[in-house]
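**Student:** Below is the structure I would like to discuss, written out as structure tokens.
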Amino acid sequence: MADRSDVTIVGIDVLPDDLEDNDALDVRIEADVVKDGLPARAGNAGLLTSRMVVEHLEDLDRFAAEVYDALAPGARTLHLFAARYSVFAILNRILPEAVARRVLFYLRPAAQDVCGFVTHYDHTHDSGARAAFRRAGFERVTTDVSYNVSPYFAFFVPLFVVARLWESLLRRLRLRNLGAYVLLYAEKPGGAADGEDTAS
């Protein structure tokens, strides 16, 4: 592993066990960013990432502004999240919470320890997320969209096939706002390579 003596890796999680199990962390902060926002101790970061957090936020604009404030000039941020208009997100919003949770755990038993938190999907479609981060002041806002929902239906081959056809149609028509997952990258101004937004 490369020397990282000048790098401090800070982990923030609502679940203390997940923090303790992560040996890569130098600093562990137990916090609920969904309810309380980013802790002040996260400030001046060179890189801020999240995985499957953004869809749980009630206010993506607030979060994007907090991320902006937490980053040093020229720093970067990267977020992977479930998209608002994916098949599973729509079902999750239509069904009562208890029913949605039972369905999720039936379809994906391995998700019981890491899924099931309340979701809001606030602006978590491709164009909505890019706009929220631009409003916060970020530049070079880039997204990649995955249309992959078929694993949710692997238990029943006909549904799996329909899901694969749906994915192919969305991909072919480039209906990015109907994607399943979004990977968003953005840069805070002040670095050497400020520029324009792109979607790929």
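What the sequence shown shows, in our numbering, is residues 3 to 202, in sequence order. Positions of the beta carbon are idealized from the N, C-alpha and C atoms, including for glycine.
1. Verify whether the separation of the beta carbon atoms of G181 and A85 is less than 8 Å.
2. Quick check on I14: buried or exposed, where buried means 16 or more other Cβ atoms within 10 Å of its Cβ?
3. Rounded to whole angstroms, what is the Cα-Cα separation between N24 and G48?
4. From which residue to which residue does the alpha helix (DSSP H) around L138 run?
5. What would DSSP say about S170, mapped onto helix, strand or coil?
6. Give the secondary structure of A30 by DSSP, where H, G and I count as helix, E and B as strand, and everything else as coil.
7. Going by CA-CA distance only, name the one from P41, A77, A67, V36 that's closest to E60.
8. List the residues that DSSP assigns as beta-bridge partners of D203.
9. According to the Cβ coordinates, are L62 and D128 closer than 8 Å?
10. By the three-class DSSP mapping on this structure, what secondary structure does D146 have?
11. Cutting at 7 Å between CB atoms, please list the residues of its own chain near L21, excluding the five before and the five after it.
12. I need the boundaries of the beta strand (DSSP E) containing E53, first residue and last residue.
13. Could you check if L17 is buried or exposed, using at least 16 other CB atoms within 10 Å of its CB as the buried criterion?
14. Cα separation between G139 and V147?
15. For A66, count neighbouring C-beta atoms within 10 Å of its own C-beta (all shown protein chains included) and say buried if the count is 16 or more, exposed if not.
16. Kindly provide the ranges of any alpha helix (DSSP H) runs that are 4 or more residues long and lie completely inside the segment 48-95, ordered along the chain.
**Tutor:** So, from the data block:
1. Sequence index remark: in the sequence shown, residue 181 carries index 179 (1-based). Sequence index remark: in the sequence shown, residue 85 carries index 83 (1-based). A contact, by the Cβ cut-off of 8 Å.
2. Within the sequence shown, numbered from 1, the residue matching residue 14 stands at position 12. I14 is buried by the Cβ-count criterion.
3. Reading the sequence shown from its first residue, position 22 is the one you call residue 24. Reading the sequence shown from its first residue, position 46 is the one you call residue 48. Whole-angstrom Cα-Cα distance: 20 Å.
4. For the purposes of this step, residue 138 is taken as residue 136 along the sequence shown, with counting starting at 1. Before going on, a small fix: residue 138 reads as Ala here, not Leu. A138 -> no alpha helix (DSSP H), and no H or E assigned at all.
5. The sequence position of residue 170 within the sequence shown is 168, counting from 1. Correct three-state label for S170: helix.
6. Here residue 30 corresponds to residue number 28 of the sequence shown, with the count starting at 1. Position check: residue 30 holds Arg in this sequence, whereas Ala was assumed. Of the three classes helix, strand and coil, the one that applies to R30 here is strand, per DSSP.
7. Indexing the sequence shown from 1 puts residue 60 at position 58. Nearest C-alpha to E60: V36.
8. For the chain, the structure presents residues 3 to 202; residue 203 sits outside this window and is missing.
9. Sequence index remark: in the sequence shown, residue 62 carries index 60 (1-based). Sequence index remark: in the sequence shown, residue 128 carries index 126 (1-based). Cβ atoms of L62 and D128: not closer than 8 Å.
10. On the sequence shown, residue 146 is found 144 positions in, with the first residue counted as 1. Strand, per DSSP.
11. Within the sequence shown, numbered from 1, the residue matching residue 21 stands at position 19. Once the five neighbours on either side are set aside, the close Cβ partners of L21 are G13, D15, L27, R30, E32.
12. Here residue 53 corresponds to residue number 51 of the sequence shown, with the count starting at 1. Sequence inspection shows Arg at residue 53; the Glu mentioned does not correspond to that position. R53 -> beta strand (DSSP E) spans 47-53.
13. Reading the sequence shown from its first residue, position 15 is the one you call residue 17. With fewer than 16 other Cβ atoms within 10 Å, it is exposed.
14. What you label residue 139 is simply residue 137 of the sequence shown in a count that begins at 1. What you label residue 147 is simply residue 145 of the sequence shown in a count that begins at 1. If I take the Cα positions, the gap works out to 22 Å.
15. Reading the sequence shown from its first residue, position 64 is the one you call residue 66. Classification of A66: buried, given that the 10 Å Cβ count is 16 or more.
16. 62-72
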